[in-house]
Amino acid sequence: MGNPMKIRASNKDGVTEVKVLMSHEMETGQRKDASGATVPAWYITEVSATYKGKPVLKAEFGPAVSKNPYLAFKFKGGDKGEKVVVSWTDSKGDTRSDEGVIS
Amino acid sequence: MNKQRREVLKAGGSLGLLGILAGIGLLKPELALADWNKAAFEAKSFEDTLKALGVTAKPADSGDIQLNAPDIAENGAVVPVAVVSNIANTQSIAILIEKNPNALGANFTIPEGTEANVTTRVKMGQTSNVYALIKADGKFFMSMKEVKVTLGGCGG
């Protein structure tokens, strides 16, 4: 299930800025371990963020996104105290969903 | 083998549990990946990646795209890239690294009401041109910046 994401969301002048730090190895499938065997690829492929059930961002990631991916974006609206839900799916089909309260 | 599935089967194969696991997508990775643009992410060359993203003609360079990335990245494993598009009706933002094994790094879909302003961090194997590819009203625009890498981010 992966480790929890860190999500910060803050509303300023009617625009909500969301910052997400996901916890994931993002293995490219190009790296070799000490014995010379290729480490199989394992990375987040899809991320989606919703506010009140409405999508506010969708992202497709490739293995070139850094380990423990960081993502920041802004959307119009977003009431203080409401939640932004962020979910990801990785290349092994694992998923994780976390939420952040808008401050 | 699917270890999670093994464990579920061992646990007695209760229909209820299987249903829950299927519901949250644990047992159906192929379904969960349905939207992912495999062709674009696995394309080897820069041109093939553009083609897989639906770009037919060479995208116009646009001054309305701000691509913020460092001039020199000391660590290629973590290169911050921020893209802001001031083009009206921006639908998607893709970040491409020309000389990576697969050029496409990430592709963002911007729904209405979301600003065309995304920041993330990518890996770069070597010094390369980084491109922001914007789709707005069905048309493609591009902006480029060279990032010098002193230490590659793809292991090796």
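In order, the protein sequence lines correspond to chains F and P.
Each residue of the first sequence is one higher than the one before, starting from 94 at the first, in my numbering.
Each residue of the second sequence is one higher than the one before, starting from 244 at the first, in my numbering.
For each residue, glycine too, the CB sits at the ideal point set by N, CA and C.
The region 339-354 of chain P makes no contact with the region 129-138 of chain F; the number of CB pairs closer than 8 Å stays below 3.
Shown in chain order are the members of the region 312-325 of chain P whose Cβ falls below 9 Å from a Cβ of chain F: Ala-320, Val-321, Val-322, Pro-323 and Ala-325. The contact set of Gly-170 of chain F on chain P, defined by CB atoms closer than 7 Å, consists of Gly-356 in chain order. The beta carbon of Leu-150 of chain F lies closer than 6 Å to those of Ala-142 and Phe-166 in the same chain, with the five residues before and after it left out. In this structure, Ala-346 of chain P and Phe-384 of chain P do not form a Cβ contact; the two beta carbons are roughly 17 Å apart against a cut-off of 8 Å. For Leu-310 of chain P, the enclosing beta strand (DSSP E) has its first and last residue at 308-311. Taking C-beta atoms as the reference points, Asn-311 of chain P and Ala-325 of chain P count as a pair closer than 7 Å.
When the beta-carbon positions are compared, Gly-356 of chain P and Lys-169 of chain F come within less than 7 Å of each other. Think of a sphere of 8 Å around the beta carbon of Pro-162 of chain F: the chain P residues whose beta carbon falls inside it are Thr-363 and Arg-364, in chain order.
DSSP places Glu-139 of chain F in the uninterrupted beta strand (DSSP E) bounded by 137-144. Within the region 97-157 of chain F, the runs of beta strand (DSSP E) that reach at least 3 residues and sit entirely inside it are, in chain order, 99-105, 108-114, 137-144 and 147-154.
Take Ala-102 of chain F, set aside five residues on each side of it, and the residues of its chain with a beta-carbon closer than 6 Å to its own are Thr-109, Val-111, Val-177, Gly-193 and Ile-195, in chain order. Around Ala-331 of chain P, no beta-carbon contact reaches into chain F at under 8 Å, the shortest distance being about 15 Å. Annotated as distal: Val-365 of chain P and Val-390 of chain P, with beta-carbon spacing of 7 Å or more.
Phe-351 of chain P has a beta carbon lying within less than 7 Å of a beta carbon in chain F. Looking at the DSSP output, Trp-181 of chain F bridges to F:Val-140 and F:Arg-189. By the neighbour-count definition (other C-beta atoms within 10 Å, threshold 16), Lys-145 of chain F is an exposed residue. Between Thr-362 of chain P and Val-392 of chain P, the C-beta spacing is not below 7 Å. Using beta-carbon distances, Leu-150 of chain F counts as an interface residue toward chain P, with a partner under 7 Å. Taking C-beta separations shorter than 8 Å and ignoring five residues to either side along the sequence, the partners of Glu-120 of chain F in its chain run Val-132, Pro-133, Ala-134, Trp-135, Tyr-136 and Pro-156, following chain order. In this structure, the alpha-carbon of Lys-294 of chain P lies about 11 Å from that of Lys-287 of chain P.
With a threshold of 7 Å between beta carbons, Phe-383 of chain P makes no contact with chain F.
Distance from the CA atom of Glu-118 of chain F to the CA atom of Thr-188 of chain F, rounded to whole angstroms, is 14 Å. Within the same chain, Asn-104 and Ile-195 come within 6 Å of Lys-173 of chain F by CB-CB distance, once the 5 residues on both sides are set aside.
DSSP, reduced to helix, strand and coil, places Thr-393 of chain P outside both helices and strands of the structure shown, so it counts as coil. Taking a beta-carbon distance threshold of 7 Å, Phe-289 of chain P does not count as an interface residue toward chain F. Setting aside the 5 residues that flank it on each side, Ser-159 of chain F is surrounded in the same chain by Met-119, each with a C-beta closer than 8 Å to its C-beta; the list follows chain order. In its own chain, leaving out the 5 sequence neighbours on each side, no residue places its CB closer than 6 Å to the CB of Gly-306 of chain P.
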